[in-house]
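Remarks on the structure that follows.
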Amino acid sequence: MIALLQRLPGDAAEQLLVEWFDDSFRDHHAAVLRALAERGSKVPGALLERVLASATDMLAVSPRRKVSQRAAEQARRDFEVVLEAVGCLGDPRLAPVVARHLDASPYAAALALGRLGARDHVATLLARLPDVPVKAQCAIVAALELLGDPAAAPGLLEWLRTAPDEVVYEFHHGLGLLVGWEPLLPLYPESLAQASANIRGGWADFELTRPRPAPRLEQVTTSGPHQLRFNVVNGLGVARVRFDPPAPFSSWLRWDVALTIAGRPVYQLGSYCDTCEAHMRLAGWPPERAAVVAGAVRDALAAVPVLSLDWLTAMSPLLTTLRTGHWLAVRGEFDVERVTAPERSWWSRRESYRSAEDPDTVEVGWPWPDTEHFQVREPLSTEPPTFGVLMPTQPLAALDEATVAAYEQAIRAGARPACLLLAWLDRRTLRGECDEQLLIAVVLDGHHKLAAYARCGVPAPAVLLCRLEDTWGPPGERERWLLRALGSR
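For what it's worth, UniProt numbering labels the leading residue of the sequence shown as 1, then goes sequentially.
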């Protein structure tokens, strides 16, 4: 039936499956409902309620009939699938029905309430936190994130004080999204207990009723003419890497991550699994520019031969829009080209640099990010293979030709305006067999400049802004691989 569903056009498939929801096929309701949810289908609320009631009956019947442990476990799994599917397919009017199952199945019911947008159940979810297992606590926090109601913040702050160490990060993540603020945390905790204590301490003095504290830069230091280190405190976090909402029907609450701008996902980034392949996929262009560059900030980027404290001061209006964290600014120059075809992109060409016995490891799973972009013409290193990609935050096809031509003329005359990039180093050991690195840089400012530099064949000066919390590196020295890829020491 599901194979047939995949071959039929949407309306016909949905009509067939709706008619197929007969009690004689109740053992398969969960699988079919999941298939509908994964298609994004529309299913009448009355039908969803009927299927949920049927799954509840099956769950209750198992103990009375003394069925096998395997059958009872299958009934439980089917029930949770139905709950999640109701969350994906239903409307908020089903929330009271779902909420009745918070005691029996808190994990699936909480996520279903989150997906239903049931904000009137925020207090109900918070009240369950002390009484459910750790995994379900994580699901409740994720559900509150999905609901996006700041009214949940006081309850989360209160429970954070005594929450098990295993879920403290979940509270930190959820609170940050709900209130739009996060504390600056020590970069290298020595244990889970210390990391949890740091998070509790960071939130201890936060008060919801106070005005948001002004963003600022702290602990600014220079490391030679081309490096600056600084902390962003109370950062606005306009552009950030963050976890995606939980994927339906997945046992992993935190898996895929995305680059967001002004709260909207721009690039899907895959997962933090260090044996999985890194990829980027365009999710949609941001509602506004990634960085508003004007006045003193524009002047500061007109020419950047070195990174100085004066330069940092001039850039402060922009740097405080970054996310709270420990930052490294590095000046570099890149011989870039504009990429318009998948076969020219490092996202696909990296396959030829892989060496592994398993052909599935060599083959690139996602060879194109669904958009034109820039890249460094040659690998940054071959040991391990390291590729530089510069991803746009606006469509390159819409660049103003007159602006590109003006930059091209200025560059040929000797000008060297700098681009501004949000960057991190991504390192993987694919399936444990071969190492691969990507220097991923997202263009905050400089699309027209990069297009002009690519035409001229002149290396493009750029300032890379790297949040150390987001870049890959060895314990206690997260910047090492990044600086090595850039040729810095």
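In this text, a Cβ means the ideal position worked out from N, Cα and C, and glycines have one as well. Because the structure is a prediction, the values reported are computed rather than measured.
Quick one: using the 10 Å Cβ neighbour count with 16 as the cut-off for buried, is residue i buried or exposed?
i, result
"residue 470", "buried"
"residue 489", "Residue confidence for residue 489 is low, a pLDDT of 37 falling below 50, so the modelled location carries little weight; the figure read from the coordinates is stated next. Exposed is the call here."
"residue 475", "exposed"
"residue 306", "exposed"
"residue 267", "buried"
"residue 105", "buried"
"residue 70", "exposed"
"residue 252", "exposed"
"residue 194", "exposed"
"residue 131", "exposed"
"residue 145", "buried"
"residue 99", "buried"
"residue 80", "buried"
Going by C-alpha to C-alpha distance, which of the options sits closest to residue i?
i, options, result
"residue 407", "452, 250 and 274", "452"
"residue 40", "73, 80 and 84", "84"
"residue 331", "163, 386, 208 and 223", "223"
"residue 263", "238, 150 and 99", "238"
"residue 112", "128, 345 and 90", "90"
"residue 245", "235, 236, 259 and 233", "259"
"residue 340", "138, 445, 392 and 437", "392"
"residue 273", "192, 166, 121 and 257", "257"
"residue 35", "73, 156, 49 and 86", "86"
"residue 493", "229, 415 and 477", "Past the boundaries of the shown model lies residue 493; the chain is included only from 1 to 489, so the question cannot be answered."
"residue 242", "288, 405 and 173", "173"
"residue 221", "446, 212 and 231", "231"
"residue 490", "446, 235 and 33", "Here the chain covers residues 1 to 489 and nothing more, so residue 490 does not appear."
"residue 309", "73, 44 and 229", "229"
"residue 457", "196, 445, 435 and 412", "412"
Going by beta-carbon coordinates alone, are residue i and residue j separated by less than 9 Å?
i, j, result
"residue 371", "residue 396", "yes"
"residue 450", "residue 485", "no"
"residue 317", "residue 354", "no"
"residue 160", "residue 168", "yes"
"residue 454", "residue 378", "no"
"residue 461", "residue 333", "yes"
"residue 409", "residue 328", "no"
"residue 430", "residue 275", "yes"
"residue 443", "residue 374", "yes"
"residue 419", "residue 301", "yes"
"residue 468", "residue 326", "yes"
"residue 376", "residue 390", "yes"
"residue 481", "residue 428", "no"
"residue 208", "residue 157", "yes"
"residue 203", "residue 186", "no"
"residue 49", "residue 249", "no"
"residue 114", "residue 143", "yes"
"residue 181", "residue 212", "yes"
"residue 164", "residue 335", "no"
"residue 369", "residue 448", "no"
"residue 423", "residue 466", "yes"
"residue 437", "residue 483", "no"
Near residue i, what residues of its chain come up, given a Cβ to Cβ distance below 8 Å and the 5 sequence neighbours on each side ignored?
i, result
"residue 29", "21, 51, 54, 55, 78 and 82"
"residue 198", "185, 186 and 189"
If you run the structure through DSSP and keep just helix, strand and coil, what is residue i?
i, result
"residue 489", "Unreliable placement is indicated for residue 489, whose pLDDT of 37 sits below 50; no coordinate value is reported for it."
"residue 344", "helix"
"residue 229", "strand"
"residue 171", "helix"
"residue 196", "helix"
"residue 271", "strand"
"residue 242", "strand"
"residue 419", "strand"
"residue 394", "coil"
"residue 206", "coil"
"residue 211", "coil"
"residue 165", "helix"
"residue 438", "strand"
"residue 472", "coil"
"residue 462", "strand"
"residue 97", "helix"
"residue 334", "strand"
"residue 50", "helix"
"residue 278", "coil"
Got a sec? Which residues, its chain only, sit under 6 Å from residue i by beta carbon, not counting five neighbours each side?
i, result
"residue 119", "147 and 149"
"residue 225", "306"
"residue 365", "277"
"residue 102", "109 and 128"
Answer yes or no: does any C-beta atom of chain D fall closer than 9 Å to that of residue i?
i, result
"residue 275", "Judged by its chain identifiers, the structure shown contains no chain D, having just a single protein chain."
Which same chain residues end up closer than 7 Å to residue i when comparing Cβ atoms and leaving out the 5 residues on each side of it in sequence?
i, result
"residue 151", "122"
"residue 351", "362, 363 and 364"
"residue 135", "107"
"residue 286", "261, 262, 264, 266 and 393"
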